Ligand code: PSU
Ligand code: MN
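Residue numbers (our numbering): 1 to 302.
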């Protein structure tokens, strides 16, 4: 896979100097947020990582190659394009073979980050077990990837549009350590708390770096999931979100939305139902995760 990678100059220099690097996904840009906030957020998150002493590497597929680190023109191109492929593990080779532009989900970003030698990755929320998965079988490939690829993913928990208890069960079965940062409950993306006890809690980037090093001793497989609660001033409480989520999922079902289209559809409808507040929260939590991921990468490089 390494022959398919094309590094930006900034990331290539950071790698050869052994400086801390944080990977970033691009599906949040193409399918998670509307333009122009998607591109503004992508730039802001990169700036947050630099301010915290690390180098950002936003990952996407462009012109048949996996790009590790995008410049401003690339971000703008992805953020405004329509018809960009949402690439999870199954789609990555299709985008490369056909030359179609592709954004990378958590799963595909983990694959690319690992191939690029990047150990820490910041995102918003991971995919997981969807509500009704017992009939739809809709379980994100992100969970399988966390069980096989040694990258630390910093997220704000699983989106409450997923079945969070089932998502935690699958993560446990697949042997993925789930650690909440500074809280005893698993965070629920827009909300700080889910009401579900977290398997583990750690309180400092140094402790998380020790966990990642210990996990690496098991060999070349398996990630770590860090769930970082959205800052209190930006959260939408769980009781309030529940109504919007139920409405959005019911509408997705009514329209027969399936598969890869479900998450983008539900996120876009929740944006409308909350009058744009869900996006403000989403931006705050991604920035918060980027800062923590940078602190972990700095601690790992020390
Ligand atoms: N969470 C968000 N916005 C997003 C995603 C998650 O708030 O855009 C994306 C991530 O890239 C994640 C993907 O990996 O959705 C999961 O999609 P699926 O459920 O189809 O596997
Ligand atoms: Mn799915």
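Note that beta-carbon positions come from the ideal geometry of N, C-alpha and C, so glycine has one too. Note that this is a predicted model, so its numbers are computed, not measured.
Residue 262 has its CB nearer than 7 Å to a heavy atom of ligand 2. Taken through DSSP and simplified to helix, strand or coil, residue 33 comes out as coil.
Excluding its 5 nearest sequence neighbours in each direction, residue 269 has C-beta neighbours in its own chain below 7 Å: 248 and 251, listed in chain order. For residue 195, the closest of 207, 177, 206 and 168 by C-alpha to C-alpha distance is 168. In the DSSP assignment, residue 215 falls within the alpha helix (DSSP H) that extends over 205-216.
Taking the Cα of residue 33 as reference, the smallest distance to any Cα among 266, 300 and 297 is reached at 266.
Take the alpha-carbon of residue 232 and the one of residue 295: they are about 20 Å apart. When rounded, the separation of the alpha-carbon atoms in residue 4 and residue 280 is 35 Å. Looking only at 77, 184 and 253, the smallest Cα-Cα distance to residue 133 is reached by 253. In the three-state scheme derived from DSSP, where H, G and I count as helix and E and B as strand, residue 188 is classed as strand.
Cα atoms of residue 98 and residue 111: separation of roughly 19 Å, rounded to the nearest angstrom.
Here residue 10 has 55 and 69 as same chain residues with Cβ atoms under 7 Å from its own Cβ, once five neighbours each way along the sequence are excluded. Here residue 162 is bridged, per DSSP, to 130. DSSP, reduced to helix, strand and coil, places residue 85 within a strand of the structure shown. The shortest CA-to-CA distance from residue 213 to any of 151, 203 and 201 is the one to 151.
The beta carbon of residue 138 sits closer than 7 Å to at least one heavy atom of ligand 2. Secondary structure at residue 167: helix, using DSSP grouped into helix, strand and coil.
Measuring C-alpha to C-alpha distances from residue 154 to each of 141, 94, 119 and 215 identifies 119 as the nearest. DSSP places residue 196 in no beta strand (DSSP E); its state is neither H nor E. The C-beta separation of residue 179 from residue 208 comes to about 7 Å, placing the pair in contact by the 8 Å criterion. The stretch 182-202 makes no contact with the stretch 213-223: fewer than 3 CB pairs, one atom from each, lie closer than 8 Å.
Membership of residue 121 in the beta strand (DSSP E) is indicated by the continuous run 120-122.
The DSSP-derived three-state label of residue 231 is coil.
Exclusion of the five residues before and after residue 299 leaves 205, 206 and 209 as the residues of its chain whose Cβ lies within less than 6 Å of its Cβ.
Measuring C-alpha to C-alpha distances from residue 103 to each of 30, 272 and 255 identifies 30 as the nearest. With respect to the C-alpha of residue 166, the residue from 137, 181 and 220 having the closest C-alpha is 137.
Of the candidates 25, 67, 8 and 81, the residue whose Cα lies closest to the Cα of residue 1 is 67. In this structure, the beta-carbon distance from residue 224 to residue 288 does not fall below 8 Å. In this structure, DSSP gives residue 56 an extended state, which the three-state scheme calls strand.
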